[in-house]
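*Asks:*
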Amino acid sequence: METRKRNTAIMFAAAALIAIVGGVTLFPMHAPAQAKKQAPLALDGAASVTPWKRYAGWPTRDESMFNTLAKLASPPAPKEARKVPDGITGDAANGEKLVADRSRGGSCLACHVMGPAGKADLPGNVGPDLSEIGNAGRDDEWLFNYVNDARVYNPETVMPPWGTHHLFNDQEIMDIVAFLKTLKAPAKFRSVLDDPMKRPAPVETRDNLDDLQNPGMWTIDRAKDLWKAKGPTGQSCASCHASEAALKTWAAGMPKWEPRLNKVLGVEEFVYRHAKATTGESWLMQSDENTALAVYLRFLANGQPIKVDITSPGAKQAYERGKALSGRKLGQLNFACTDCHDKSKAGLKWIRGQWLGEQRGQYDHFPTWRTSLQTVWDIRKRFQWCQVNIRADELPPDAKEYGDLELYLASANAGLKMNVPGIRH
Amino acid sequence: MADAKPRLKVPKEAKKGEVIELKTLIAHVMETGLRKDASGKIVPRKIINKFTCEFNGKPVFSADLEPAVAANPYLQFNAKVEESGTFKFTWVDDDGTVTATEEKITVA
Numbered sequence: 005m006e007t008r009k010r011n012t013a014i015m016f017a018a019a020a021l022i023a024i025v026g027g028v029t030l031f032p033m034h035a036p037a038q039a040k041k042q043a044p045l046a047l048d049g050a051a052s053v054t055p056w057k058r059y060a061g062w063p064t065r066d067e068s069m070f071n072t073l074a075k076l077a078s079p080p081a082p083k084e085a086r087k088v089p090d091g092i093t094g095d096a097a098n099g100e101k102l103v104a105d106r107s108r109g110g111s112c113l114a115c116h117v118m119g120p121a122g123k124a125d126l127p128g129n130v131g132p133d134l135s136e137i138g139n140a141g142r143d144d145e146w147l148f149n150y151v152n153d154a155r156v157y158n159p160e161t162v163m164p165p166w167g168t169h170h171l172f173n174d175q176e177i178m179d180i181v182a183f184l185k186t187l188k189a190p191a192k193f194r195s196v197l198d199d200p201m202k203r204p205a206p207v208e209t210r211d212n213l214d215d216l217q218n219p220g221m222w223t224i225d226r227a228k229d230l231w232k233a234k235g236p237t238g239q240s241c242a243s244c245h246a247s248e249a250a251l252k253t254w255a256a257g258m259p260k261w262e263p264r265l266n267k268v269l270g271v272e273e274f275v276y277r278h279a280k281a282t283t284g285e286s287w288l289m290q291s292d293e294n295t296a297l298a299v300y301l302r303f304l305a306n307g308q309p310i311k312v313d314i315t316s317p318g319a320k321q322a323y324e325r326g327k328a329l330s331g332r333k334l335g336q337l338n339f340a341c342t343d344c345h346d347k348s349k350a351g352l353k354w355i356r357g358q359w360l361g362e363q364r365g366q367y368d369h370f371p372t373w374r375t376s377l378q379t380v381w382d383i384r385k386r387f388q389w390c391q392v393n394i395r396a397d398e399l400p401p402d403a404k405e406y407g408d409l410e411l412y413l414a415s416a417n418a419g420l421k422m423n424v425p426g427i428r429h
Numbered sequence: 005m006a007d008a009k010p011r012l013k014v015p016k017e018a019k020k021g022e023v024i025e026l027k028t029l030i031a032h033v034m035e036t037g038l039r040k041d042a043s044g045k046i047v048p049r050k051i052i053n054k055f056t057c058e059f060n061g062k063p064v065f066s067a068d069l070e071p072a073v074a075a076n077p078y079l080q081f082n083a084k085v086e087e088s089g090t091f092k093f094t095w096v097d098d099d100g101t102v103t104a105t106e107e108k109i110t111v112a
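Below, the structure written as structure tokens:
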């Protein structure tokens, strides 16, 4: 089996060489008028570790009872509000602790200012300021149901269904209600930065292409070495791609619908499948080699406007699927991509001390250096972390759903100029 | 990233007596020795504890670094150059590893 694969790889490599000798470019983007020669791709198997294993150090929660991008599993929303008698007996002091408990799904303060709760330390403003909710004349049933599952009053809400999704039990929700009823005065902030309505939006001023400022740039040295290194077939990237200049626009057109695989290929998966078919290297997605080359290939296209195909039949369908997936509620916290990143919802607001950007502006700089983690993340790893963070199970980086979503995201970023590697906190 | 080479920005040329700016950066975790890992054990300290810069064998600048210095320590300083020669930069790790690199400058 191995020998057969190897032979196939050698044949691909030989075909590639003939293509070069014949003067035909391997990359369709380079010479659109000519008969398109498809880039060799290894079509078999996964492009990432199989079975997929979550990264070391990430939360190990099992969220299999909730929606992912690949399956629907979350419990249904209740049809109507639960009957709750007035005069709920809750422990307001415990409620005050619960609303600030970050181990329970980020805490209420992530989205709401709540008077003195959590010492008004960097609350968010996705939801309304609840500091005076105790004066609002809401009855216990309304408050209970809003915390338990706000969808019974507002189907469009972005608020997690704390009760339905088992983040808080009935007694805990009653404690929270008891605390809410005590809130009758505006929050006192220790500093203007604690007030999410006055906190200035972050501005990135570092020069991401300066290798003294952005360690992400160091991956390019690595990639240049890999480019020249011969793989198991005796070929290197440089064997066929004599000039990197020919790849000046390629990455700006990625991801791309790939009929041979019936999925959308991003740069990272392309690197794996193309290298496998040519040099024989096995640079699985999320390996250092794969990330280095993905950074480099996008770096070569820096300054080019992002322009992805969403009109050819397969691509159009993938785009529509990606758009639909971006609106799917995921995980225990029940957030869709659009809940956090559309400005009609939580986009351009604060979740705790973190600023939620719009979809546009979340793609042109990937892969990006993460200052807080001292490593480079590609867009797929960013997707995965979004999901684990909202308590949903992530998919393997080569999942077709991520391909659809990446195509949708890239199209939302169309026209923005490639600027890789980025640098972010 | 640990074995990435040091980054330098040193002018190739300068006028005699000119004050030039030197920028240096080395990839390093700068582990403080105060953090605990997932199992509660202290992560051992591992930092660059000393940096020196010499010009033609004479000291120009040196710094003792402490655990409070962030990962990938970046140092920027100035030097007055009177003659052509070679800057030598040295980073000393807690474990004794010495990383050294050189950069030439022509003074007209």
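Line order of the protein sequences matches chains A and B. Counting the first sequence from 1 gives a position; our numbering is that position plus 4. Counting the second sequence from 1 gives a position; our numbering is that position plus 4. Ideal Cβ placement from N, Cα and C applies to all residues, glycine included. Please read these numbers as outputs of a predicted model, since none were measured by experiment.
Run through DSSP, which three-state label would residue 57 (chain B) get?
*Replies:* Within the second sequence, the letter at position 53 stands for residue 57 (chain B). Residue 57 (chain B): strand per DSSP, three-state reduction.
*Asks:* Check whether the stretch 177-188 of chain A touches the stretch 91-103 of chain A, taking contact to mean three or more Cβ pairs, one atom from each stretch, closer than 8 Å.
*Replies:* With the cut-off at 8 Å, the stretch 177-188 of chain A and the stretch 91-103 of chain A touch.
*Asks:* Going by DSSP, what residue range makes up the alpha helix (DSSP H) through residue 180 (chain A)?
*Replies:* Numbered from its first residue, the first sequence carries residue 180 (chain A) at position 176. That run of the alpha helix (DSSP H) goes 174-184.
*Asks:* How would you label residue 415 (chain A), buried or exposed, when you count the other beta carbons within 10 angstroms and need 16 or more for buried?
*Replies:* Along the first sequence, one-based indexing puts residue 415 (chain A) at 411. With 16 or more other Cβ atoms within 10 Å, it is buried.
*Asks:* Kindly confirm or deny that the stretch 263-279 of chain A and the stretch 207-220 of chain A touch, where touching means at least three C-beta pairs closer than 8 Å.
*Replies:* Flag = no, the stretch 263-279 of chain A and the stretch 207-220 of chain A do not touch.
*Asks:* Pair every Cβ in the stretch 33-45 of chain B with every Cβ in the stretch 81-90 of chain B, then say whether three or more of these pairs are closer than 8 Å.
*Replies:* Flag = no, the stretch 33-45 of chain B and the stretch 81-90 of chain B do not touch.
*Asks:* Given 8 Å as the limit, is there contact between the stretch 422-429 of chain A and the stretch 354-369 of chain A, that is, 3 or more CB pairs closer than that?
*Replies:* These segments touch.
*Asks:* Could you check how far apart the C-beta atoms of residue 27 (chain B) and residue 80 (chain B) are, in whole angstroms? I think they sit under 8 Å.
*Replies:* Your numbering for residue 27 (chain B) matches position 23 in the second sequence. Your numbering for residue 80 (chain B) matches position 76 in the second sequence. Rounded, the Cβ-Cβ distance is 5 Å, consistent with contact.
*Asks:* Work out the CA separation of residue 232 (chain A) and residue 242 (chain A) for me, nearest whole Å.
*Replies:* Against the first sequence, residue 242 (chain A) aligns to sequence position 238. Against the first sequence, residue 232 (chain A) aligns to sequence position 228. When rounded, the distance between both Cα atoms is 6 Å.
*Asks:* Just checking: is the beta-carbon of residue 75 (chain B) within a distance shorter than 8 Å of some beta-carbon in chain A?
*Replies:* Within the second sequence, the letter at position 71 stands for residue 75 (chain B). Yes, residue 75 (chain B) lies at the interface with chain A (some Cβ there is under 8 Å from its Cβ).
*Asks:* Would you call the stretch 406-413 of chain A in contact with the stretch 373-385 of chain A, where contact means no fewer than 3 C-beta pairs closer than 8 Å?
*Replies:* Result yes; three or more Cβ-Cβ pairs closer than 8 Å.
*Asks:* Is there a Cβ from chain B that is less than 8 Å from the Cβ of residue 66 (chain A)?
*Replies:* Within the first sequence, the letter at position 62 stands for residue 66 (chain A). So, not an interface residue.
*Asks:* Give the residues of chain A in contact with residue 39 (chain B), contact being defined as C-beta atoms less than 8 Å apart.
*Replies:* Here the question's residue 39 (chain B) lines up with position 35 in the second sequence. Chain A residues near residue 39 (chain B): none, gap ~13 Å exceeds 8 Å.
*Asks:* Under 8 Å, do residue 341 (chain A) and residue 330 (chain A) count as touching if we go by C-beta distance?
*Replies:* The residue labelled residue 341 (chain A) in the question sits at position 337 within the first sequence. The residue labelled residue 330 (chain A) in the question sits at position 326 within the first sequence. In contact: residue 341 (chain A) and residue 330 (chain A) (Cβ atoms closer than 8 Å).
*Asks:* Can the beta-carbon of residue 167 (chain A) be found closer than 8 Å to that of residue 151 (chain A)?
*Replies:* Along the first sequence, one-based indexing puts residue 167 (chain A) at 163. Along the first sequence, one-based indexing puts residue 151 (chain A) at 147. Yes. Within cutoff.
*Asks:* If we count the other Cβ atoms within 10 Å of its Cβ and call it buried at 16 or more, is residue 201 (chain A) buried or exposed?
*Replies:* Residue mapping note: residue 201 (chain A) aligns to position 197 of the first sequence, counting from 1. Flag for residue 201 (chain A) reads exposed.
*Asks:* I'd like the span of the beta strand (DSSP E) that includes residue 4 (chain B), first residue to last.
*Replies:* Residue 4 (chain B) cannot be examined here, being either before or after the span of chain B that is shown, 5 to 112.
*Asks:* Roughly how many angstroms separate the alpha carbons of residue 48 (chain A) and residue 280 (chain A), rounded to a whole number?
*Replies:* Residue numbering aside, residue 48 (chain A) sits at position 44 when the first sequence is read from its first letter. Residue numbering aside, residue 280 (chain A) sits at position 276 when the first sequence is read from its first letter. If you take the alpha carbons of residue 48 (chain A) and residue 280 (chain A), they lie about 10 Å apart.
*Asks:* Alpha carbon to alpha carbon, how far is residue 17 (chain B) from residue 111 (chain B)?
*Replies:* If you number the second sequence from 1, residue 17 (chain B) lands on position 13. If you number the second sequence from 1, residue 111 (chain B) lands on position 107. Looking at the two C-alpha atoms, the distance is approximately 6 Å.
*Asks:* List the residues of chain B that residue 215 (chain A) touches, going by C-beta distances under 7 Å, in chain order.
*Replies:* Against the first sequence, residue 215 (chain A) aligns to sequence position 211. Result: 11.
*Asks:* Kindly identify the DSSP beta-bridge partner or partners of residue 85 (chain B).
*Replies:* Your numbering for residue 85 (chain B) matches position 81 in the second sequence. Beta-bridge pairing links residue 85 (chain B) to B:22.
*Asks:* Would you please verify whether the beta carbon of residue 378 (chain A) is less than 8 Å from any beta carbon of chain B?
*Replies:* Indexing the first sequence from 1 puts residue 378 (chain A) at position 374. Yes, its Cβ sits closer than 8 Å to a Cβ of chain B.
*Asks:* Indicate whether at least one CB of chain B lies closer than 8 Å to the CB of residue 425 (chain A).
*Replies:* Counted from its first residue, the first sequence places residue 425 (chain A) at position 421. Closer than 8 Å: no.
*Asks:* Against residue 27 (chain B), what residues of chain A qualify as contacts under a CB-to-CB distance less than 9 Å, listed in chain order?
*Replies:* Residue mapping note: residue 27 (chain B) aligns to position 23 of the second sequence, counting from 1. Chain A residues near residue 27 (chain B): 216.
*Asks:* Are the CB atoms of residue 86 (chain A) and residue 171 (chain A) nearer to each other than 8 Å?
*Replies:* Residue 86 (chain A) sits at position 82 when you count from the first residue of the first sequence. Residue 171 (chain A) sits at position 167 when you count from the first residue of the first sequence. Contact flag unset, no.
*Asks:* For the stretch 246-271 of chain A, enumerate the residues whose C-beta is nearer than 8 Å to any C-beta of chain B, in chain order.
*Replies:* Residues passing the 8 Å Cβ filter: none.
*Asks:* Work out the CA separation of residue 64 (chain A) and residue 221 (chain A) for me, nearest whole Å.
*Replies:* By 1-based counting over the first sequence, the position of residue 221 (chain A) is 217. By 1-based counting over the first sequence, the position of residue 64 (chain A) is 60. Computed Cα separation, rounded: 31 Å.
*Asks:* If I'm right that residue 399 (chain A) touches residue 326 (chain A) with Cβ under 8 Å, what's the distance once you round it to whole angstroms?
*Replies:* As a first step, residue 399 (chain A) must be located in the first sequence, where it is residue number 395. As a first step, residue 326 (chain A) must be located in the first sequence, where it is residue number 322. Not a contact, Cβ separation roughly 13 Å.
*Asks:* Ignore the nearest five residues each way along the sequence and tell me which others in residue 137 (chain A)'s own chain have a CB closer than 7 Å to its CB.
*Replies:* For the purposes of this step, residue 137 (chain A) is taken as residue 133 along the first sequence, with counting starting at 1. Contacts found: 184, 187.
*Asks:* For residue 260 (chain A), is the classification buried or exposed, using 16 other Cβ atoms within 10 angstroms of its Cβ as the cut-off for buried?
*Replies:* To locate residue 260 (chain A), count along the first sequence from 1; it is residue 256. So residue 260 (chain A) ends up on the buried side.
*Asks:* So is residue 222 (chain A) in contact with chain B if we call contact Cβ pairs under 8 Å?
*Replies:* Here the question's residue 222 (chain A) lines up with position 218 in the first sequence. Yes, residue 222 (chain A) lies at the interface with chain B (some Cβ there is under 8 Å from its Cβ).
*Asks:* By Cβ distance below 6 Å, which residues in the same chain neighbour residue 196 (chain A) in space, the five residues on each side in sequence not counted?
*Replies:* The sequence position of residue 196 (chain A) within the first sequence is 192, counting from 1. 202.
*Asks:* If residue 251 (chain A) and residue 301 (chain A) are in contact, beta carbons under 8 Å, what's the gap, nearest whole angstrom?
*Replies:* Stepping through the first sequence from its first residue, residue 251 (chain A) is reached at position 247. Stepping through the first sequence from its first residue, residue 301 (chain A) is reached at position 297. Between residue 301 (chain A) and residue 251 (chain A) the Cβ distance is about 6 Å, and since that is below 8 Å, they are a contact.
*Asks:* Quick check on the DSSP output: the alpha helix (DSSP H) that includes residue 392 (chain A) runs from which residue to which?
*Replies:* Sequence index remark: in the first sequence, residue 392 (chain A) carries index 388 (1-based). From DSSP, the alpha helix (DSSP H) with residue 392 (chain A) extends over 383-393.
*Asks:* Cβ atoms of residue 235 (chain A) and residue 270 (chain A): under 8 Å apart, would you say?
*Replies:* As a first step, residue 270 (chain A) must be located in the first sequence, where it is residue number 266. As a first step, residue 235 (chain A) must be located in the first sequence, where it is residue number 231. For residue 270 (chain A) and residue 235 (chain A), no; Cβs fall outside 8 Å.
*Asks:* In its own chain, which residues sit with a C-beta less than 6 Å from the C-beta of residue 309 (chain A), not counting the 5 before and 5 after it?
*Replies:* Reading the first sequence from its first residue, position 305 is the one you call residue 309 (chain A). Only 419, 421 meet the Cβ criterion.
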